[in-house]
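Structure first, commentary second.
Numbering (our numbering), first residue to last: 886 to 1231.
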């Protein structure tokens, strides 16, 4: 073997030894980190917040007996999924419930077997009229007369004392609150530099502070297993064009983040908090706006941005709201369910 070959061989052996030493050091470090992780995880488990207790009947090591039948086989018993969406026995509260999306949510609750409903709106007479009309409509469809108790209350959600009085009335009438949907809110279109300060404050008082007041008063009287649903907007996650509405956009972004914060804070109480963020919804008010000849360009802009090529019908929100408000969504909290026909995908 030449001198050069010997040097190369020795160098290779030294490199191999160094690599083995690095490997041994790495393995030792991994073992130390693993032990540290075990200690850290054990400490974490002591303080971990759970929105709901673990599934009943599940052993600590998560082992369960295998099902007797394959889930792909026909089941002899009827489905047990639909009852999860039932609102039977629950007291439901809807703000902004006299018209539009709020009224549709009231109908959805009654369709899902709710028999105790409180409709909160700015004008008491509007809330009471909607309550009477809904009860009459469902009795005409076959519900036993007197089986539905629906009340209408005048509540300004921007006023903390008004919200407190409203929930006090609900508790006096029904004795409990199980599901609350906050649908009250406003939108206005001004450029940022021209937005009147007094109207900006009013919008924030309704959309942001009002949402917080409703959530807080709800949580004060709710029991574990209850649900709060905020009606947000896709405007809280994307910027709508061509209309200028910066304050509305950031107010809905605030609501979405409020939902996440409250979901974490109230998880130990067993109260779930979620948001449903719709795209443009074709309510009567929206129809009036879009049907004006001068708004044809706005209408075209909106429609062309939808994967579905249409705005939402109010009925499109029934399923998402019922899921989150009912026991079907018992493991869902802190979520923002966007229902926008694919608008935010593009």
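C-beta: ideal position from N, C-alpha, C; glycine also.
DSSP three-state assignment for residue i, whether helix, strand or coil
i: residue 1064; result: strand
i: residue 1212; result: helix
i: residue 1072; result: coil
i: residue 992; result: helix
i: residue 1225; result: coil
i: residue 1006; result: strand
i: residue 999; result: coil
i: residue 1046; result: helix
i: residue 1168; result: coil
i: residue 980; result: strand
i: residue 1173; result: helix
Under 7 Å between C-beta atoms of residue i and residue j
i: residue 1004; j: residue 1016; result: yes
i: residue 978; j: residue 1048; result: no
i: residue 1160; j: residue 1117; result: yes
i: residue 1091; j: residue 1139; result: no
i: residue 1225; j: residue 1119; result: yes
i: residue 1221; j: residue 1141; result: yes
i: residue 1036; j: residue 1000; result: no
i: residue 1051; j: residue 1040; result: yes
i: residue 1228; j: residue 1195; result: no
i: residue 1012; j: residue 972; result: no
i: residue 1121; j: residue 1137; result: yes
Residue i to residue j span [Cα, whole Å]
i: residue 1042; j: residue 988; result: 17 Å
i: residue 966; j: residue 1216; result: 15 Å
i: residue 1046; j: residue 1123; result: 33 Å
i: residue 1026; j: residue 1095; result: 35 Å
i: residue 1135; j: residue 1057; result: 36 Å
i: residue 914; j: residue 1206; result: In this prediction, residue 914 has a pLDDT of 49, which is less than 50 and means its spatial position is unreliable; what the coordinates show is noted afterwards. The alpha-carbon atoms of residue 914 and residue 1206 are separated by roughly 50 Å.
i: residue 1080; j: residue 1089; result: 13 Å
i: residue 1060; j: residue 1107; result: 10 Å
i: residue 1110; j: residue 1185; result: 43 Å
i: residue 938; j: residue 1154; result: The predicted model places residue 938 with a pLDDT of 48, which falls under 50 and marks its position as unreliable; any figure quoted below should be read in that light. Residue 938 and residue 1154: Cα-Cα distance of roughly 11 Å.
i: residue 975; j: residue 1062; result: 7 Å
i: residue 982; j: residue 991; result: 7 Å
i: residue 1231; j: residue 1180; result: 23 Å
i: residue 1098; j: residue 1007; result: 15 Å
i: residue 1127; j: residue 984; result: 26 Å
i: residue 1028; j: residue 980; result: 24 Å
i: residue 1178; j: residue 1170; result: 15 Å
i: residue 1085; j: residue 995; result: 35 Å
i: residue 1083; j: residue 1044; result: 16 Å
Residues of its chain near residue i, where Cβ-Cβ distance is below 6 Å and the 5 sequence neighbours each way are ignored
i: residue 1113; result: 1065, 1100, 1103 and 1158
i: residue 1212; result: 969
i: residue 1210; result: 1064, 1112 and 1114
Cut-off 8 Å between Cβ atoms - residues of its own chain near residue i, not counting five sequence neighbours on either side
i: residue 897; result: Note that residue 897 scores a pLDDT of 49, beneath 50, so its modelled location is shaky and nothing firm can be said.
i: residue 1197; result: 1163, 1164, 1165, 1166, 1167, 1224, 1225 and 1226
i: residue 1076; result: 1129
i: residue 1214; result: 1112, 1157, 1159 and 1208
i: residue 944; result: Only weak support exists for where residue 944 lies, its pLDDT of 45 falling under 50; the value from the coordinates is given anyway. Within the same chain, residue 944 has no close Cβ partners at all.
i: residue 986; result: 1068, 1116, 1163, 1166, 1168, 1199 and 1202
i: residue 1188; result: 1194, 1195 and 1196
i: residue 1192; result: 1226, 1227, 1228, 1230 and 1231
Residues near residue i by beta carbon distance below 7 Å, same chain, minus five either side
i: residue 1053; result: none
i: residue 1072; result: 1130 and 1133
i: residue 993; result: 1203, 1206 and 1207
i: residue 1182; result: none
i: residue 1074; result: 1128, 1129 and 1130
Proximity test, residue i beta-carbon vs the ligand SAM heavy atom, cut-off 6 Å
i: residue 1100; result: You won't find the ligand SAM in this model; it holds no ligand whatsoever.
| said: So, does the region 1064-1079 touch the region 1018-1025, judging by three or more C-beta pairs under 8 Å? | reply: They do not touch, by the three-pair rule.
| request: Would you be able to state if there are at least three C-beta pairs under 8 Å between the region 1167-1183 and the region 1142-1149? | output: No: fewer than three Cβ pairs fall under 8 Å.
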